[in-house]
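Notes follow the structure.
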């Protein structure tokens, strides 16, 4: 009896065993990840919520990539991190709450900054002069990479903070060249070019310019030549469709919905300016366009006009006699609000802009919706044409060097249409509650960066036969609402 | 119905079964002797458990008797996601599927009556609270108890038929998951009891000789319908806080309805008795899981989270008053083989094996039923203490084949409400039964 029950008892003992699932092996494939550098702009730096700060840096896509590369021979990856004590870096936007109607209230984070000098309008940040693997510089355009003095105190403060004063004249391209020589990267990611079109778009086509395609192509080839000069392999990313980001898709639909709820007919007039902000002698460069509310894109995608996120404080003033936009503009330009509505300098400024603030805002040709808050059809075409041309140049340059391509353009179009599900939680490109984009409506949240890193790993695996896994993007935050 | 009352009283201890011992969330633990023989029984007339396996065979069971069996199902579920995260282990849970049978009828009469109670479906799974699939599922408890009054009649000495009315006497569902919220993680619990529903279990048993028997049986589908289940939340922003109005207005539902099919099963079995000591059974079973197409929840009620109740803000969970999740299960076959050997008058030993094909197609595997093809090995014994009274012991080991599904499969099938990764499950089910024959 005992003899016969012994095997059964042994089986009972097994009941404590948990079956093991082997961890999938991680391998580098045909690429070498021992020394990885990242070249790019704000997206590469981990910029988020309208600022560069430590949390964003720590969840930058290059940092996430490096953490995965480390599982297959990847080496140390140094970022120009702000210290814990100065963790808020440049400062950034935080979500302070909501209005009674559910509109977000944002506030600037102004504590624990890493500002070491400069002016309020052009601050200088605490420097980080050790060699860095993450060369992401917020604001840099492809057209800027050979600008002498770009790292000086008069240049880009984010490049300045990683540039030794002795080398203040060094261009970004030279810095990359020097990094290639010293760190001898075996792998790189390159994601430049967004700002060559984004700046124009976010200014509603009313300021800034788009880089010429020939310049863009030339500089793309130059920087890739430098990056591959030591035999490194890498990934080149394309430029997403900038008009698909919440910066352009948020205010218009909510403006339309608010007016519809207030029974304002969609045939009501809508007057805006296009082209540069100030009236110009050149005909057509500051055209006032009279149309109707129906031409503003609504939630269903009808209408062609895109309102920028920066239009948010002014959209509610539609139809009222107001000069709020111009007072704000005046303050930005001069550092102070006009002393009164009869302030002669301010009134001179308004006359120069040909604006009469006693007329109904956005409804009259005398007080139009400013060009900087509207991206109209013509401007969208300009943006789309440039984006297509830049992406063609990037892909051609990558293919010529047999590099992997992360098609951010295609990827962001897909998630704008259908979202991106991670472990049964959906993420969308919606503002605030979509989890992917931060409060500035342009830059990703940590979750957005994690998703980007995961997609890049797929591209790397496909190109180089490596087998990296992604991270669980749900462990990275989206926009956090106050409790 | 006193049996039902009895069951409800003992419900907390007895009900439910875990990670099932057949495809989907089916549980094939009908009788302790049968469990020891790989789950065969359709072509046999071993004891009163015939009411579960083949009611047609009850009239061929010579003695009347009462028997009861308890099983302790210990499921060990492991999961490793597509992401580079560590293996997740299910929290260890033990659940207790049971079976109870009593038959009566005059000796040597052509008919027999009986009453049965058993747990043909069920599942209890609890994942770690912070696992990566938390937005798909954190915890599920499905319970179903059938009570089955049965009659069987021997038309000739070699042919008998039988049928039972299956009553879903008790059923419950408790489903919990986390909700991703911009303020942090919330949690939702759906809890409800099923309505009493009816079906049938019928079979034919043919025993042309002492050495051979054949049976077929069919148990009909019962829809387990929850009409007025409760919806509760935790982790939503506190009323009056900055984001409460914005978020909580999407969560107003207090009640839900849902229907879960407990599918029909068709069985065919053969029994061979080469000599007095040895009995061998071979069964094939087809469970009509294709009846399970979608899991739909309809939400109703208004807890006032969206302010004054209106039609538009009533019955919302995540902003919607309906939720539909694809299942599209497939009919699942199982083959079972087992035998028993009478060592002496007191002791009988048993062994068996079965192979159950999965009910869940690739790309549809969810954490509430981490189904896969499974290999089952069993052993058992009976010890006849007195002429009337005996003890039956069984042990079942179930090994699910490792099952992986990718994010691409989820996207292709529109099943992204679950997660990509690899499941591996093993279940250990020791069981003990007592029988009294008269």
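Protein chains in written order, with the working numbering: chain E, 613 to 1095; chain P, 77 to 514.
Positions of the beta carbon are idealized from the N, C-alpha and C atoms, including for glycine.
Quick one: grab the DSSP three-state call for residue 79 (chain P). Below a pLDDT of 50, predicted positions are generally treated as unreliable, and residue 79 (chain P), at 42, falls in that range; no measurement from the model is reported.
Less than 8 angstroms between C-beta atoms, sequence neighbours within five positions excluded: which residues of the same chain meet that for residue 693 (chain E)? Beyond the five residues adjoining it in sequence on each side, residue 693 (chain E) comes within less than 8 angstroms, by CB distance, of 666, 669, 670 and 740 in the same chain, given in chain order.
Spatial neighbours of residue 616 (chain E) within its chain, please: C-beta separation below 7 angstroms, excluding the five flanking residues on both sides. Here residue 616 (chain E) scores only 48 on pLDDT, less than 50, and its place in the model should not be relied on; the value that follows carries that caveat. Result list for residue 616 (chain E): empty, nothing under 7 angstroms.
Go ahead and label residue 672 (chain E) buried or exposed: buried means 16 or more other beta carbons lie within 10 angstroms of its beta carbon, across all protein chains shown. In this structure residue 672 (chain E) is buried. Its beta-carbon is surrounded by 16 or more other beta-carbon atoms within 10 angstroms.
6 angstroms CB neighbourhood of residue 687 (chain E) in its chain, flanking five on each side removed: Excluding residues up to 5 positions away in sequence, 646 and 647 lie with their Cβ nearer than 6 angstroms to the Cβ of residue 687 (chain E) in the same chain.
Kindly list, in the order they appear in chain P, the residues whose Cβ is closer than 8 angstroms to that of residue 1037 (chain E). 211 and 256, listed in chain order.
Whose Cβ in chain P lies nearer than 8 angstroms to the Cβ of residue 955 (chain E)? In chain P, no part has a C-beta under 8 angstroms from the C-beta of residue 955 (chain E); the shortest such distance is about 37 angstroms.
What is the rounded straight-line gap between the Cα of residue 337 (chain P) and the Cα of residue 259 (chain P)? Roughly 36 angstroms separates the two Cα atoms.
Going by DSSP in three states, residue 207 (chain P) sits in which element: helix, strand or coil? It is coil, neither helix nor strand.
Within 10 Å of its beta-carbon, does residue 109 (chain P) have 16 or more other beta-carbons around it, so buried, or fewer, so exposed? Burial call: buried.
Please tell me whether residue 501 (chain P) has its Cβ less than 8 angstroms away from any Cβ of chain E. By the rule that beta-carbons nearer than 8 angstroms mark a contact, residue 501 (chain P) touches chain E.
Does the segment 818 to 835 of chain E come close enough to the segment 992 to 1008 of chain E that 3 or more CB-CB pairs lie under 8 angstroms? At 8 angstroms Cβ cutoff, the stretches touch.
C-alpha gap between residue 722 (chain E) and residue 700 (chain E), whole angstroms: Rounded to the nearest angstrom, the two C-alpha atoms are 8 angstroms apart.
Whole runs of the beta strand (DSSP E) within the segment 289 to 323 of chain P, excluding any shorter than 3 residues: Runs of the beta strand (DSSP E) inside the segment 289 to 323 of chain P: 298 to 310.
To which residues of the same chain is residue 1042 (chain E) closer than 7 angstroms at the C-beta, ignoring the five residues directly before and after it? Taking C-beta separations shorter than 7 angstroms and ignoring five residues to either side along the sequence, the partners of residue 1042 (chain E) in its chain run 858, following chain order.
So, do the segment 796 to 806 of chain E and the segment 630 to 647 of chain E have three or more beta carbon pairs nearer to each other than 8 angstroms? Yes: the two stretches touch, three or more of their Cβ pairs being nearer than 8 angstroms.
Specify, as a first and last residue, the run of the alpha helix (DSSP H) that residue 423 (chain P) falls within. Here residue 423 (chain P) belongs to no alpha helix (DSSP H); instead the beta strand (DSSP E) covers 423 to 432.
Need the endpoints of the beta strand (DSSP E) that residue 498 (chain P) sits in, please. Annotation: the continuous beta strand (DSSP E) that includes residue 498 (chain P) extends over 497 to 513.
Would you say residue 1019 (chain E) faces chain P, with C-beta separation under 8 angstroms as the test? Not one chain P Cβ lies under 8 angstroms of residue 1019 (chain E).
Could you tell me the alpha carbon to alpha carbon distance between residue 502 (chain P) and residue 229 (chain P), rounded to whole angstroms? Those two C-alpha atoms are separated by around 40 angstroms.
For residue 415 (chain P), I'd like the list of residues in its chain whose CB is within less than 8 angstroms of its CB, leaving aside the five on either flank, ordered along the chain. So the qualifying residues of the chain are 113, 354, 355, 356, 357, 426, 427 and 428.
Give a yes or no on whether the C-beta atoms belonging to residue 100 (chain P) and residue 405 (chain P) are separated by under 8 angstroms. Contact: yes.
Nearest by alpha-carbon distance to residue 825 (chain E): which of E:847, E:1000, E:993 and E:683 is it? Ranking E:847, E:1000, E:993 and E:683 by Cα distance to residue 825 (chain E) puts E:1000 first.
Alpha carbon to alpha carbon, how far is residue 103 (chain P) from residue 196 (chain P)? Taking C-alpha positions only, residue 103 (chain P) is separated from residue 196 (chain P) by approximately 5 angstroms.
Touch check for the segment 256 to 276 of chain P and the segment 301 to 318 of chain P: three-plus C-beta pairs under 8 angstroms? Yes, since at least three Cβ pairs between the segment 256 to 276 of chain P and the segment 301 to 318 of chain P fall closer than 8 angstroms, the two stretches touch.
Check each residue of the segment 927 to 939 of chain E: if its Cβ is closer than 8 angstroms to any Cβ of chain P, include it; give the result in chain order. Those residues of the segment 927 to 939 of chain E that come within reach of chain P (Cβ to Cβ, closer than 8 angstroms) do not exist; the list is empty.
If the cut is a Cβ gap below 8 angstroms, which residues of chain P does residue 632 (chain E) touch? Near residue 632 (chain E) (Cβ distances below 8 angstroms), the residues of chain P are 154, 163 and 500.
Who are the neighbours of residue 1094 (chain E) on chain P, taking C-beta pairs under 7 angstroms? Residue 1094 (chain E) reaches chain P at 318 and 319, counting residues in chain order whose Cβ is nearer than 7 angstroms.
If the cut-off is 7 angstroms on Cβ atoms, which residues from the segment 703 to 724 of chain E count as contacting chain P, listed in chain order? Result list: 709, 710 and 714.
Tell me the rounded alpha-carbon separation between residue 997 (chain E) and residue 976 (chain E). Going from the Cα of residue 997 (chain E) to the Cα of residue 976 (chain E) covers about 32 angstroms.
Identify the continuous beta strand (DSSP E) that holds residue 215 (chain P) and give its terminal residues. In this chain, the beta strand (DSSP E) harbouring residue 215 (chain P) covers 215 to 232.
Limits of the unbroken beta strand (DSSP E) element including residue 735 (chain E): 735 to 737 is the extent of the beta strand (DSSP E) around residue 735 (chain E).
Whole angstroms are fine: how far does the CA of residue 477 (chain P) sit from the CA of residue 684 (chain E)? C-alpha separation (whole angstroms): 29 angstroms.
Does the distance from the C-beta atom of residue 392 (chain P) to that of residue 306 (chain P) stay below 8 angstroms? No, these two residues do not count as a Cβ contact at 8 angstroms.
In whole angstroms, what separates the C-alpha of residue 447 (chain P) from that of residue 509 (chain P)? C-alpha separation (whole angstroms): 28 angstroms.
Per-residue DSSP class, three states only, for residue 122 (chain P): DSSP, reduced to helix, strand and coil, places residue 122 (chain P) outside both helices and strands of the structure shown, so it counts as coil.
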